[in-house]
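Asker:
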Amino acid sequence: MSGARDALVVGGGLAGLASAYALHEAGYRVEVLERREDVALETSFANGGILTPSMPDPWNAPGVHWRLLRWLGREDAPMLLRPGAIPGYFGWGLKFLAASSPDSFNASMRANYRLCAYSLERLRAWRAALDLEYAQSTHGTLEVYRDPRSFAQAVHELATLAPLGLEGTPLDPAGTARLEPLLDEVQADLAGAIHFPADESGDAWLFCRALRERLVARGVTLRLDTRVSGVRIAGGRAAGVETAGGFLPASQVVLAAGPWSRELLAACGVRIAVRPVKGYSLSIPIDPASGPRHALSDDSLHAVMTPLGATLRLAGTAEFSGWDLTLRPKRVEALWRLLAALSPTLARQVERATARPWCGLRPMSADGRPYVGASDVPGLYVNTGHGHLGWTQAAGSATLLAQLMTGAPAAIDPRPFALARTERRAWRAEIQAAEQPS
Ligand SMILES: Cc1cc2nc3c(=O)[nH]c(=O)nc-3n(C[C@H](O)[C@H](O)[C@H](O)COP(=O)(O)OP(=O)(O)OC[C@H]3O[C@@H](n4cnc5c(N)ncnc54)[C@H](O)[C@@H]3O)c2cc1C
């Protein structure tokens, strides 16, 4: 590569491919390096498929430590901390717990909301410009609640985010069943639901493959089977990356390698608080007419059920178990229970043997906000740590990154996502002041 505006993007998942497109659009000559034989074979392969500005809350809500303790070692818990994995999460875990104060949680939720909403705006523009097909749906999500207290809390959260632009309609059980007839038979189990009409859904893997095709057609180089072993720093700035095939020079390097980014960054002296948090999914072939019309999220089971064309995707559960990618039958069983809890009829109809279980590692930041922007090493940039929101935030984070790299005005406040989390107090205070009713 030659010339000033060239960028190497490490990682061919949602974050890497989206970064590549945004940088290409911003005028960079881009090369993507992916260690696997194709794009989106890690965490972006079979996620829950929902694009949800409506769910910007980090997982460390106030009181999370009590929930983690209560669920410790319980195989059917929505959030499971494996005692053997505790040492690997120690420092990160302390930050995760520290960020669960109401103040920190609320600030992260608001910052995430802005990024999610901006991201959907960008995704719609990309979809139109590139004519992307990825089993998308724009019917919104329906978040269902079984416990009246959680429902009331969610309605309160909706009111908190409404001034920022979040639209949602609380529904009683009968209204829920009218909107989503599939839920009619479980109406009696529900306390209510909220319909979020601006949410979308779609298959992230199909999206990545469609984007890969458009990138290649536009001259972006994609090197598969290319593992980056390190970033070379020369003269105090990033000079390129090391691979088994040799050194690849570049004036800008973007690390978008999911939870694996942390180690590559640490070798450059850059620290980010990101750890892998495992999640599961089940992909079930169905007749689309028999499935739900909306993507459904079940608050009490902490899981989602998303129609993706002729596939029904069930996804959820968070397991703090390090890098382990074992598919544990009890965790998969929890997803079958979700299907039975949302639609007993569908659960009886589908053929279990045709379902494809999967698990992947979310790149989870300790404070629930992704890392997007420059590192302390000139020329070295980061786009990772999106945790459970990586599909929702992909297009927005990538565009923000490109704005930061080119010096263009940032469309949203980038400070909550900066690598140095030191400006936290300033942006939190500003957000709070701006949102006070005048
Ligand atoms: C069960 C589950 C359900 C989810 N549901 C949703 C959802 O409904 N909505 C939502 O918004 N988000 C969801 N997510 C989160 C979302 O899927 C992730 O945040 C997102 O896929 C992360 O994308 P990524 O590109 O950062 O990571 P990845 O997809 O893992 O991509 C990183 C890539 O970097 C490559 N790589 C790593 N190291 C190197 C190296 N040294 N050299 C070269 N390449 C390297 C990897 O091979 C990989 O392809 C879910 C996640 C899970 C696990």
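Counting in my numbering, the sequence shown runs from 861 upward without gaps. In this text, a Cβ means the ideal position worked out from N, Cα and C, and glycines have one as well.
#1: Per DSSP, what kind of secondary structure is Met939 in: helix, strand or coil?
#2: Taking only three categories from DSSP, how would you classify Met1165?
#3: Using a beta-carbon distance below 8 Å, is Arg895 in contact with chain B?
#4: For ligand 1, I want to know if Trp986 counts as a neighbour, meaning its beta carbon is within less than 7 Å of at least one of the ligand's heavy atoms.
#5: What number of angstroms, rounded off, separates the C-alpha of Pro1030 from the C-alpha of Ala867?
#6: Using a threshold of 8 Å, state whether the C-beta atoms of Ala1258 and Ala900 are closer than that.
#7: Rounded to the nearest angstrom, what separates Tyr1194 and Ala1099 at their Cα positions?
#8: Pick helix, strand or coil for Thr1244, following the three-state DSSP scheme.
#9: I'd like to confirm something about Thr1171: is its beta-carbon nearer than 7 Å to some heavy atom of ligand 1, or not?
#10: Does ligand 1 have even one heavy atom less than 7 Å from the beta-carbon of Thr1305?
#11: Distance, Cα to Cα, Gly1000 vs Asp1007?
#12: Could you give the distance in angstroms between the alpha-carbon of Ala864 and the alpha-carbon of Ser1111?
#13: May I ask you to check if the CB of Ile1093 is nearer than 7 Å to at least one heavy atom of ligand 2?
#14: When you measure from the CB of Ala1110 to every non-hydrogen atom of ligand 1, does any distance come out below 7 Å?
#15: Counting C-beta neighbours from all protein chains within 10 Å, is the total for Leu1082 16 or more, i.e. buried, or is it exposed?
#16: I'd like to know if the region 981-999 and the region 1042-1052 are in contact, where contact means that at least 3 CB-CB pairs between them fall below 8 Å.
#17: Compute the distance between the beta-carbons of Tyr1241 and Leu1261, then report whether it is under 8 Å.
#18: Near Ala1301, which residues of its chain fall below 6 Å by C-beta distance, leaving aside the five closest residues on each side in sequence?
#19: From which residue to which residue does the beta strand (DSSP E) around Val1015 run?
#20: By a C-beta neighbour count over all protein chains shown, 10 Å radius and 16 as the cutoff for buried, is Thr1244 buried or exposed?
#21: In the region 1126-1197, which residue ranges form an unbroken beta strand (DSSP E) of at least 3 residues, counting only runs that do not cross its ends?
#22: Return yes when the C-beta of Ser968 is under 7 Å from any heavy atom of ligand 1, and no when it is not.
#23: Just reading off the alpha helix (DSSP H) that Tyr881 is part of, what are its end residues?
#24: Here's the rule I'm using: 16 or more other beta-carbon atoms within 10 Å means buried, otherwise exposed. How should Thr1205 be labelled?
#25: From His1016 to Tyr1005, what does the alpha carbon distance come to, in whole angstroms?
#26: For Val1053, list the residues DSSP reports as bridge partners.
#27: Could you compute how far the alpha carbon of Leu888 sits from the alpha carbon of Leu1279?
#28: If Ser968 sits next to Gly1176, beta carbons under 8 Å apart, how far is it from one beta carbon to the other, in whole angstroms?
#29: Less than 6 Å between C-beta atoms, sequence neighbours within five positions excluded: which residues of the same chain meet that for Glu894?
#30: I'd like to know whether the C-beta atoms of Ser1089 and Leu911 end up nearer to each other than 8 Å.
#31: Beta-carbon within less than 6 Å of Arg942's beta-carbon, same chain only, minus the 5 sequence neighbours each way: which residues are those?
#32: Between which residues of its own chain and Arg1197 is the CB-CB distance below 6 Å, once the five residues before and five after are set aside?
#33: Start and end of the beta strand (DSSP E) containing Trp1218?
#34: Among Leu1125, Trp919, Ala1133, Val924, which residue has its Cα nearest to the Cα of Phe950?
#35: Among the residues of its own chain, which have a CB less than 6 Å from the CB of Ser862, if the five just before and after it don't count?
#36: I want to check one thing, is the minimum distance from the CB of Glu894 to the heavy atoms of ligand 1 below 7 Å?
Answerer: A quick look at the data gives this:
#1: Met939: strand per DSSP, three-state reduction.
#2: DSSP, read as helix, strand or coil, puts Met1165 in strand.
#3: No chain B appears in this structure, which consists of one protein chain only.
#4: No, Cβ of Trp986 sits at least 7 Å from all heavy atoms of ligand 1.
#5: About 45 Å.
#6: At the C-beta level, Ala1258 and Ala900 stay beyond 8 Å of one another.
#7: This sequence places Ala at residue 1194; Tyr is not what is there. Using only the alpha carbons, I get a separation of about 47 Å.
#8: In the structure shown, Thr1244 sits in a strand (DSSP, three-state: E or B).
#9: Checking the Cβ of Thr1171 against ligand 1 gives no.
#10: This structure gives no information on residue 1305, because the portion of the chain shown stretches from 861 to 1298.
#11: Near 22 Å, if we compare the C-alpha coordinates of Asp1007 and Gly1000.
#12: Confidence at Ala864 is low in this model, with a pLDDT of 46, below 50, so its placement is unreliable and no value can be given for it.
#13: Summarising the ligand content, the structure contains ligand 1 and does not contain ligand 2.
#14: No, Cβ of Ala1110 sits at least 7 Å from all heavy atoms of ligand 1.
#15: When all chains shown are included, Leu1082 counts as buried.
#16: The region 1042-1052 and the region 981-999 do not touch, with fewer than three beta-carbon pairs separated by less than 8 Å.
#17: Their beta carbons are under 8 Å apart, which means Tyr1241 touches Leu1261 by this criterion.
#18: Nothing in the structure corresponds to residue 1301, since the chain is present only between 861 and 1298.
#19: That residue, Val1015, is in no beta strand (DSSP E); its alpha helix (DSSP H) goes 1008-1021.
#20: Under a 10 Å Cβ-count criterion, Thr1244 is classified as buried, with 16 or more other Cβ atoms of the shown protein chains found around its own Cβ.
#21: Listed in chain order, the complete beta strand (DSSP E) runs (minimum 3 residues) inside the region 1126-1197 are 1134-1145, 1155-1158, 1163-1168, 1171-1180.
#22: Not so, every heavy atom of ligand 1 lies at least 7 Å from the Cβ.
#23: Note, Tyr881: alpha helix (DSSP H), 874-885.
#24: Exposed.
#25: Roughly 14 Å separates the two Cα atoms.
#26: For the sequence presented, residue 1053 should be read as Ala rather than Val. According to DSSP, which records beta bridges pairwise, Ala1053 is partnered with Val1004, Leu1031.
#27: This sequence places Tyr at residue 888; Leu is not what is there. When rounded, the distance between both Cα atoms is 22 Å.
#28: Contact check for Ser968 and Gly1176: beta-carbon distance about 20 Å, past the 8 Å limit, so the pair fails to qualify.
#29: Answer for Glu894: Gly872, Leu1084, listed in chain order.
#30: No, the Cβ-Cβ distance between Ser1089 and Leu911 is not below 8 Å.
#31: Residues of the same chain with a CB within less than 6 Å of the CB of Arg942, apart from the 5 flanking positions on each side, are Ser1181 in chain order.
#32: Once the five neighbours on either side are set aside, Arg1197 has no close Cβ partner at all.
#33: If you look at Trp1218, you'll find it in the beta strand (DSSP E) that goes 1216-1225.
#34: Taking the Cα of Phe950 as reference, the smallest distance to any Cα among Leu1125, Trp919, Ala1133, Val924 is reached at Ala1133.
#35: No answer about Ser862 holds up, because its pLDDT of 44 lies below 50 and its placement is not dependable.
#36: Indeed, a heavy atom of ligand 1 lies less than 7 Å from the Cβ.
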